[in-house]
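Participant: Mind having a look at this structure? Questions to follow.
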Amino acid sequence: MSLTGFSQSDKPNQVVFKNVKVFDGTSDKLSATTEVLVEGNMIKEISSSASRNASKDATVIDGGGRVLMPGLSDTHIHASFASLPLPDLLAGDPSYNYIRSTVDARDMLMRGITTIRDLGGNPFGLKKAIDEGLIPGPRIYPSGAVISQTAGHADFRFPNQRNPKHGGEWAAVYTEGYGMLADGVPEVLTAAREQLRKGASQVKITTGGGYSSPSDPLMGIQYTFDEIKAAVDVAANWGTYVTIHSYFPESINMSIDAGIKDVAHGQLLDKATLERMAREGVSLSTQPFTECSEPQLSAFSNEKLAIVCEGTKKMYQWASEIPDLLITYGTDFFNVPQDVFKEQTKQMERLLPWFEPVEILKMATGNAGELYKKSGPIMNPYPGDLGVVKPGAYTDILLVEGNPLKDLSAVTNQDNLLIIMKDGKIYKNTIK
């Protein structure tokens with residue numbers, strides 16, 4: 016081995032994309048026609064003459080004037096049970112559940128989603144297998160188990176199941192690490208530390224009611240200020256942050272007071288709170304809940320969803336008027352039927368009443384990359400630049416047919432994804 020760390024035979028592979036226009040994840044316009052040199056899992060150079068600096072055995076791909084852009088992100092997904100039916104999650108064979116999640120991971124990658132933020136579940140084994148190259152899938156920023164109070168959003172016990180602290184038994188959703196019930200400051204401290212011990216890149220707690228949960232009121236405030244601050248303090252000690260499940264201003268403002276750095280929903284927010292978030296650097300990782308009923312939900316849950324759905328339209332309108340607010344794209348898919356799961360990127364089109372295509376693309380690329388940096392140098396599993404195409408960034412990139420800055424179908428239609436590359440490896444190439 017040479018002093019550079021590589022012998023002549025084990026140098027990083029090089030790929031040159033010639034004759035491409037670049038959407039870099041942050042700009043409003045495409046670049047002029049250029050060349051992009053990839054070396055290993057990093058972008059080495061972007062220039063009109065990048066190919067001159069490539070080795071003679073580099074792979075050369077002629078983009079034919081098409082658009083090269085960052086891989087997409089879903090900043091709110093539950094990878095360990097995205098398309099898993101709820102009965103399997105609550106009472107099924109755990110080994111089947113984990114195997115099924117590998118198929119979901121592969122499908123996400125083939126939609127052009129190269130990074131996800133998992134906001135509740137047990138994706139640690141899945142992440143490890145993907146990172147080791149055992150299976151295809153996106154990079155995962157894991158939260159680990161959703162941390163919830165008793166009778167909170169992540170309390171999915173059946174009515175006949177007693178609290179384990181009072182004579183009951185822990186259900187599989189807790190023993191398998193999908194969620195944790197923690198009440199009081201000491202228990203919240205323990206729960207947050209447990210997720211970080213497992214490798215969580217951020218901590219997820221529920222501070223307000225949910226539409227999918229079986230017993231809590233939608234507008235109920237969950238956790239006290241001291242409990243929220245306990246989670247925030249633990250995360251801060253590890254250099255990372257807390258994101259919250261909540262929809263409405265009272266809960267979210269209390270959580271911001273306690274130091275959280277990201278709101279994972281917010282569909283019932285008012286403009287004043289959104290403006291506060293922009294001023295204080297609290298990101299909005301929300302989802303286009305514009306369908307007011309979901310077939311897999313109970314009547315009680317769909318009643319709550321209808322309220323969230325109506326609020327979503329107002330929230331997006333106000334958010335679109337606040338230029339400094341960091342907004343990312345997510346779906347919050349969990350236990351959804353396959354025909355819904357297939358719409359993971361297609362749902363970006365739901366944002367078109369309020370945002371231009373380029374603004375939506377930024378939510379799923381450069382803005383997501385900024386969110387990931389909040390995990391800090393200690394807990395960030397991928398400390399390089401994500402969601403952008405620039406020298407030194409990870410080579411998570413797509414070559415697409417059409418101009419996605421004008422027409423989202425260039426990315427939402429999988430047939431238009433001609434090349435999918437993640438971490439320097441090409442997973443799809445239809446222009447060989």
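Counting with this note's numbering, you get residues 16 to 447 for the letters of the sequence shown.
Where a beta carbon is used, it is the ideal one built from N, C-alpha and C, also for glycine.
All values reported here derive from a predicted model rather than from experimental measurement.
Give the DSSP-derived three-state secondary structure of LYS405 in the structure shown.
Facilitator: Note: LYS405 maps to coil in three-state DSSP.
Participant: Tell me the rounded alpha-carbon separation between TYR193 and VAL118.
Facilitator: Each residue's alpha carbon lies about 18 Å from the other.
Participant: For the beta strand (DSSP E) holding MET57, just list the boundary residues, first then last.
Facilitator: 57-62 is the extent of the beta strand (DSSP E) around MET57.
Participant: With which residues is PHE32 paired in a DSSP beta bridge?
Facilitator: Answer by DSSP bridge pairing, in chain order: VAL51, ILE76.
Participant: I need the DSSP call for GLY384, collapsed to helix, strand or coil.
Facilitator: Residue state, collapsed to three classes: helix.
Participant: Report the rounded CA-to-CA distance for TRP480 versus LYS213, giving the unit in angstroms.
Facilitator: Outside the modelled stretch of the chain, which goes from 16 to 447, sits residue 480, for which no answer is possible.
Participant: What residues match up with ARG154 in a beta bridge as DSSP calls it?
Facilitator: ARG154 pairs with THR130.
Participant: Note the first and the last residue of the continuous alpha helix (DSSP H) segment covering PRO85.
Facilitator: Counting along the chain, PRO85 falls outside any alpha helix (DSSP H), though it belongs to the beta strand (DSSP E) covering 82-85.
Participant: If you count every other CB in all the chains shown that lies within 10 Å of the CB of LEU367, and 16 or more means buried, which is it?
Facilitator: The residue in question, LEU367, is exposed, as its Cβ has fewer than 16 Cβ neighbours within 10 Å.
Participant: Could you check the C-alpha separation between SER46 and LEU320 for me, to the nearest Å?
Facilitator: Going by the C-alpha atoms only, they are around 41 Å apart.
Participant: How long is the line joining the alpha carbons of GLY136 and SER227, rounded to whole angstroms?
Facilitator: Those two C-alpha atoms are separated by around 15 Å.
Participant: From the DSSP secondary-structure annotation, give me the bridge partner or partners of GLY136.
Facilitator: For GLY136, which the question treats as bridged, DSSP gives no partner whatsoever.
Participant: Residue ranges of each alpha helix (DSSP H) run of no fewer than 4 residues wholly in the region 245-286, ordered along the chain?
Facilitator: For the region 245-286, whole alpha helix (DSSP H) runs of length 4 or above, ordered along the chain, are 264-273.
Participant: Would the beta-carbon of THR255 be found less than 6 Å away from any heavy atom of the ligand NAP?
Facilitator: Looking for the ligand NAP in the displayed structure turns up nothing, as the structure carries no ligands at all.
Participant: Measure the C-alpha to C-alpha separation of PRO392 and ILE114 and round it to an integer number of angstroms.
Facilitator: Distance between the alpha carbons of PRO392 and ILE114 is about 31 Å.
Participant: Kindly indicate which three-state DSSP category PRO27 falls into: helix, strand or coil?
Facilitator: The answer is coil: DSSP assigns PRO27 none of H, G, I, E or B.
Participant: In the DSSP assignment, the alpha helix (DSSP H) including MET394 goes from what residue to what residue?
Facilitator: That run of the alpha helix (DSSP H) goes 391-394.
Participant: Could you spell out the range, first to last residue, of the beta strand (DSSP E) harbouring GLY194?
Facilitator: Unbroken beta strand (DSSP E) run through GLY194: 194-196.
Participant: If we count the other Cβ atoms within 10 Å of its Cβ and call it buried at 16 or more, is HIS280 buried or exposed?
Facilitator: It is buried - the Cβ of HIS280 has at least 16 other Cβ atoms within 10 Å.
Participant: Find out if the Cβ-Cβ distance for the pair ILE434, ASN444 is shorter than 7 Å.
Facilitator: Closer than 7 Å, so yes.
Participant: With 16 as the cutoff for other CB atoms within 10 Å, does ILE446 come out buried or exposed?
Facilitator: ILE446 comes out exposed.
Participant: Alpha carbon to alpha carbon, how far is VAL35 from LEU87? Give it in angstroms, no decimals.
Facilitator: C-alpha separation (whole angstroms): 18 Å.
Participant: With burial defined as no fewer than 16 other Cβ atoms inside 10 Å of the residue's Cβ, what is the status of PHE21: buried or exposed?
Facilitator: The pLDDT assigned to PHE21 is 35, lower than 50, so where the model puts this residue is not dependable; a value taken from the coordinates is nonetheless given after this. By the 10 Å Cβ count, PHE21 comes out exposed.
Participant: From TYR111, ALA120, GLY79, ALA106, pick the residue whose C-alpha is nearest to that of TYR442; which is it?
Facilitator: Considering only alpha carbons, the answer is ALA120.
Participant: Is the Cβ-Cβ distance between PRO85 and GLY439 less than 7 Å?
Facilitator: For PRO85 and GLY439, no; Cβs fall outside 7 Å.
Participant: Within 10 Å of its beta-carbon, does GLY79 have 16 or more other beta-carbons around it, so buried, or fewer, so exposed?
Facilitator: Looking at its Cβ environment, which holds fewer than 16 other Cβ atoms inside 10 Å, GLY79 is exposed.
Participant: Note the first and the last residue of the continuous alpha helix (DSSP H) segment covering ASN317.
Facilitator: That run of the alpha helix (DSSP H) goes 314-335.
Participant: Can you say whether GLN23 is buried or exposed, counting buried as having 16 or more other CB atoms within 10 angstroms of its CB?
Facilitator: Here the model assigns GLN23 a pLDDT of 41, short of 50, so the residue's position is not dependable and the matter cannot be decided.
Participant: In terms of residue numbering, what span does the alpha helix (DSSP H) encompassing LYS114 cover?
Facilitator: The question names Lys, but residue 114 in the sequence shown is Ile. It spans 109-125 - the alpha helix (DSSP H) in which ILE114 sits, taken as one unbroken run.
Participant: Taking only three categories from DSSP, how would you classify ASP430?
Facilitator: Three-state result, ASP430: helix.
Participant: Could you tell me how far apart the beta carbons of SER313 and THR343 are, in whole angstroms, since I believe they sit closer than 8 Å?
Facilitator: The Cβ separation is near 29 Å, so there is no contact.
Participant: Let me check understanding here. Comparing Cα to Cα, which of MET292, VAL53, GLY152, GLY399 lies closest to ILE267?
Facilitator: Among MET292, VAL53, GLY152, GLY399, the Cα nearest to that of ILE267 is on MET292.
Participant: Going by DSSP, which residues form a beta bridge with ASP400?
Facilitator: ASP400 pairs with ALA408.
Participant: Given a threshold of 16 other Cβ atoms within 10 Å of its Cβ, counted over all protein chains shown, does VAL75 qualify as buried or as exposed?
Facilitator: Flag for VAL75 reads exposed.
Participant: Taking GLY345 as the reference, which of SER62, ASP89, SER64, ALA69 has the closest Cα?
Facilitator: Among SER62, ASP89, SER64, ALA69, the Cα nearest to that of GLY345 belongs to ASP89.
Participant: Per DSSP, ASP354 is paired with what?
Facilitator: In the DSSP output, where bridge partners are listed per residue, ASP354 has none listed.
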